[in-house]
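**Q**
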Amino acid sequence: MATSTAQPQHYNQDCGFNFQSCTGSSAGLWWCVDCSTRICDGCWPVVPGHRDGATARDGQPHEKTDSRRHDRLREILNPPVTEDELERLHAADLETTWFGISKNRSHQPCLLDGGIYNSLVAQCPFHDGPKYPQLVSFIGQTNAGKSTLIKMLIDHAETQSNLASYASPVVGSSIHSRAPTSADVHLYADPRTYPSSRPQFYADAEGLDAGEEIPIGAPSRRKSKLHRTRGGGKRILEWARSAEQRERPYIVLELYPRLLYTFSDVVVFVLRNEKTFEKTGLVRLIEWGAASLETSVNQPTLPQLVIVVNAATVNVATQQEWDVDYATENLLRSVRPSLQKKTYFKNLAQSWSSKGWRIDSIDDLIRCYYSSFSVVRIPAEGRYTLLDRQIGALGHAINTCCKESFNAKRRANMLSNSDELSIFLHSAFDHFTRDLQTPFNFIEISRRNNPIPQNFGGHILQLAISLHKQDPEEDGKEIFHMLSCFVASSVLLDCVRHRKGLPYDHITDYDDYFHYALQEYCKYYSPCTFANDRGRCVNTRSAHESKGHQDQRGRIIASGSYQSDFTYDGYCDIWAENLDRDIVSCQRKLGELRDQAVSDENPALRLHKTAMDRFYRAFDTAKDFQSHTVCFSCLMGIPQHSLPCGHVLCTPCVKDYGRSLNSSEYILDRCPLHSDDSSWRDGCVIRFKPDLAGVRVLCLDGGGIRSIVELEVLRAIQKVVGDGIPIRAFFDLIVGTR
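If you want it as structure tokens, here you go:
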């Protein structure tokens, strides 16, 4: 009789054992690392190595890992080993470049802006309101596993939520085990938060110990170069003058931390060997923070810190090491003696103590550079279920830190949406490519980013800010005391110009503007008044909490909260009383000067001119008070007409102080803001556009080499018109695109 080749009914071709208890293909499959095979639920307890009391080589029971999860993690941990496949992956990864190092045709080092941030924001599926991106920077030494961790975090989020595939880093391959993998800084979206109002972006940074060897992922190694950048292109590193400053290690060490530390909500420091944390890891971590701490002022919050002990050994005696709180305390406990033993830490502690900080432990020292501190252990390859759980713990720790950072920025009223953050980032690129030493000022960029309202209150605020810039030592009380007479005179002039009646009868119409100017100045522009022998604090109330007292060079000069006896609550009544008194005084003087003329314009103008002259003479001259958003003559109008001295006046002021030549032209002999030292021989002719005329705009579109056609057409038109009238005279604004 022939032997049948049919398999038993219970046979499961995917199960590696197929005992009588085999549950068949309908049941779930598990992977056992120690048995190196897939096993079904029915066979798992029957396997000899899985019986009660049996342990694996690490003293732990055989781990039951979901087969599909094992396959995904193993694929990440064991990347492709062929050169062609690696080339394909690295070429594709160029599209995720955020910023990095490049050279122009003159071989000058440049900062390359890859534009991925704007692309990620533009493609974000959340459309129900503003987005508030949060940056999570992964730093550490070369080959510490930063790219691997980001890839596992993205994969974990995709698996948990059944999401589509997202871009993720290229993991180092065994064929390049000694060479650095990641070049520059790449940006990736977190799948869990990307569709929300607070998307988290993972920044994969080049190793802190970058050498001269070009990383495997560098664009210069690619057969296919990075496509045309989507961002701001290349910025020359103007400070890179010496041979050392032009080298990659110097740029990575000095420039990258200034950008990442300044804008990161969370810094994830990846450590491969926890035994060397005290000697090298902790020193690098604090050096990285110290290099950047004093390179920005008015920073709303310090970054949160998560230390990842990567590829940690699995020890049966210390299972609680996988708990985040225990791991944090344990690592701190191991390095506490270093505060007294290691000269570097001792000197730092003494420096901070001399500024008023209490440094009793290494934890206190770390918190001088980071808002919070936690430790997550990631096991070495082999325990895939534990690995998956710890990746989840890392994601949870990052999410918690992002929430804390978000709340801190919201408390400081310095929360940036996606568009505002883009402006901050590009401003920082511009700033740090020009100068590495001058601190990046968040408040200064915020002023440009969020223009002061074009109303009377905003104009008073603009003038107050200009006064402070002229004399940074001037007290806020004195600034607003001097402003009072000028503002009152502006109210008088406004009432007369528009025939509103007596100024005092309309004072309540202006109250909101008065209070707005004072409140905004106190909150965002009035600096802390603390000073000592190290310097004077420049931080404002809204951004003082994170670093304490800083001078204009970014140096931290002392601990402590915002100090000032000039506050809105303390001065608002005085401000109101001064304005009330000065408006009454202006009204009385107007009555004394009033004659039988139909219009009160001339006496009111004389009064205002006197008040304006007195105001600006207190600062020697008005030459330095210039603005393109406020008419510093009347504080009411929008400036539109430029004068030879650089001042810009509104239309009513030009007509008040000028002489009419015809219906559309006025001439001024001098600038009303400083008439004593501004006299123009031929006068300054101001031409007004007819009321019904529109704005004339010429837009020259790009198109590469084809754009020369537009210029040739314009030149042909100019020849026909003749040289007597330049083409530009026909337009109010000429713009070009690229």
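The sequence shown begins at 253 in my numbering and counts up one residue at a time.
Backbone N, C-alpha and C fix where the C-beta goes; we use that ideal spot for every residue, glycine too.
Please determine, among L439, T595, I630, K655, the residue with the shortest C-alpha to C-alpha distance to V576.
**A** The residue you call residue 576 lines up with position 324 of the sequence shown. Among L439, T595, I630, K655, the Cα nearest to that of V576 belongs to I630.
**Q** Could I get the ranges of all uninterrupted alpha helix (DSSP H) runs contained in the segment 342-394, with 4 residues as the minimum, in chain order?
**A** 368-375
**Q** What are the partner residues of A441, as DSSP defines its beta bridges?
**A** Counting from one through the sequence shown, the residue named residue 441 turns up at place 189. For A441, which the question treats as bridged, DSSP gives the partners F453.
**Q** What distance in whole Å lies between the Cβ atoms of S623 and L554, which are believed to be in contact at a cut-off of 8 Å?
**A** Reading the sequence shown from its first residue, position 302 is the one you call residue 554. Reading the sequence shown from its first residue, position 371 is the one you call residue 623. About 5 Å separates the two Cβ atoms, so the contact holds.
**Q** Would the segment 763-770 count as touching the segment 878-885 if we require 3 or more Cβ pairs under 8 Å?
**A** no
**Q** Which residue from S399, K403, Y418, T445 puts its Cα closest to that of D436?
**A** Along the sequence shown, one-based indexing puts residue 436 at 184. Nearest of S399, K403, Y418, T445 to D436, Cα basis: S399.
**Q** Within 10 angstroms of its Cβ, does K527 collect 16 or more other Cβ (buried), or is it exposed?
**A** What you label residue 527 is simply residue 275 of the sequence shown in a count that begins at 1. Exposed: under 16 other Cβ atoms inside 10 Å.
**Q** Do you know how far the Cα of H801 is from the Cα of A810?
**A** Along the sequence shown, one-based indexing puts residue 810 at 558. Along the sequence shown, one-based indexing puts residue 801 at 549. Distance between the alpha carbons of A810 and H801 is about 5 Å.
**Q** Is it buried or exposed, K721, if we count other Cβ atoms within 10 angstroms and call 16 or more buried?
**A** Indexing the sequence shown from 1 puts residue 721 at position 469. Under this definition K721 is an exposed residue.
**Q** Let me make sure I understand the geometry here. Which of H408, C789, V790 has the alpha-carbon closest to that of R321?
**A** Your numbering for residue 321 matches position 69 in the sequence shown. With distances taken between Cα atoms, R321 lies closest to H408.
**Q** So what does DSSP say about T289, is it helix, strand or coil?
**A** If you number the sequence shown from 1, residue 289 lands on position 37. T289: strand per DSSP, three-state reduction.
**Q** In whole angstroms, give me the CA-to-CA distance for L478 and T348.
**A** The sequence position of residue 478 within the sequence shown is 226, counting from 1. The sequence position of residue 348 within the sequence shown is 96, counting from 1. In this prediction, L478 has a pLDDT of 48, which is less than 50 and means its spatial position is unreliable; what the coordinates show is noted afterwards. C-alpha separation (whole angstroms): 10 Å.
**Q** So does C897 have its beta carbon nearer than 6 Å to some heavy atom of the ligand ADP?
**A** The model depicted lacks the ligand ADP and carries no ligand whatsoever.
**Q** Just checking, does the segment 625-639 make contact with the segment 551-566 on the three C-beta pairs under 8 Å criterion?
**A** yes
**Q** In chain order, what residues of the same chain have a beta carbon less than 8 Å from the beta carbon of T840, not counting five sequence neighbours either side?
**A** One-based indexing of the sequence shown puts residue 840 at position 588. First, the residue type needs correcting, since residue 840 is Arg and not Thr in the sequence shown. For R840, where only same-chain residues beyond five positions count, there are no Cβ hits under 8 Å.
**Q** Below 8 Å, how does it come out for the segment 487-502 and the segment 544-553: are there three or more Cβ pairs, yes or no?
**A** no
**Q** Is the distance from the Cβ of S354 to the Cβ of L364 below 7 Å?
**A** Your numbering for residue 354 matches position 102 in the sequence shown. Your numbering for residue 364 matches position 112 in the sequence shown. Against a cut-off of 7 Å, the Cβ pair of L364 and S354 comes out as a contact.
**Q** Taking C-beta to C-beta, are A419 and Y440 nearer than 7 Å?
**A** Along the sequence shown, read from residue 1 onward, the residue named residue 419 stands at position 167. Along the sequence shown, read from residue 1 onward, the residue named residue 440 stands at position 188. Taking 7 Å as the Cβ cut-off, A419 and Y440 qualify as a contacting pair.
**Q** Three or more C-beta pairs under 8 Å: does that hold for the segment 604-619 against the segment 285-302?
**A** no
**Q** Using only CA atoms, which one of I977, Y918, Y814, C923 lies nearest to G898?
**A** Within the sequence shown, numbered from 1, the residue matching residue 898 stands at position 646. Nearest C-alpha to G898: C923.
**Q** Could you tell me whether the segment 953-972 touches the segment 920-934, using the rule of 3 or more Cβ pairs below 8 Å?
**A** no
**Q** Just the C-alpha distance for S698 and S544, rounded to the nearest angstrom, thanks.
**A** The count along the sequence shown starts at 1 and reaches residue 698 at position 446. The count along the sequence shown starts at 1 and reaches residue 544 at position 292. Taking the straight line from one Cα to the other gives about 20 Å.
**Q** Measuring straight from C-alpha to C-alpha, what distance separates F732 and W574?
**A** Counted from its first residue, the sequence shown places residue 732 at position 480. Counted from its first residue, the sequence shown places residue 574 at position 322. In a straight line, the C-alpha of F732 is about 58 Å away from that of W574.
**Q** Which residue from R641, F625, I538 puts its Cα closest to that of N599?
**A** Start at 1 with the first residue of the sequence shown, and residue 599 comes out as number 347. Measuring from the Cα of N599, the nearest candidate turns out to be I538.
**Q** State the Cα-Cα distance for the pair Y502 and D456, rounded to the nearest angstrom.
**A** As a working note, residue 502 is residue 250 in the sequence shown. As a working note, residue 456 is residue 204 in the sequence shown. Rounded to the nearest whole angstrom, the C-alpha separation of Y502 and D456 is 19 Å.
**Q** Residues in its own chain within less than 6 Å of R786 by CB, not counting five upstream and five downstream?
**A** By one-based count along the sequence shown, residue 786 stands at place 534. Cβ neighbours of R786 beyond the five flanking positions: I809.
**Q** Quick one, which of D975, V947, I919 has its alpha-carbon nearest D934's?
**A** Taking the sequence shown and counting its residues from 1, the one referred to as residue 934 is at position 682. For the residues D975, V947, I919, the minimum Cα distance to D934 belongs to I919.
**Q** In the DSSP assignment, the alpha helix (DSSP H) including W540 goes from what residue to what residue?
**A** Within the sequence shown, numbered from 1, the residue matching residue 540 stands at position 288. Here the alpha helix (DSSP H) through W540 covers 534-545.
**Q** Which value, in whole angstroms, describes the spacing of the CA atoms of S959 and T989?
**A** Indexing the sequence shown from 1 puts residue 959 at position 707. Indexing the sequence shown from 1 puts residue 989 at position 737. Each residue's alpha carbon lies about 10 Å from the other.
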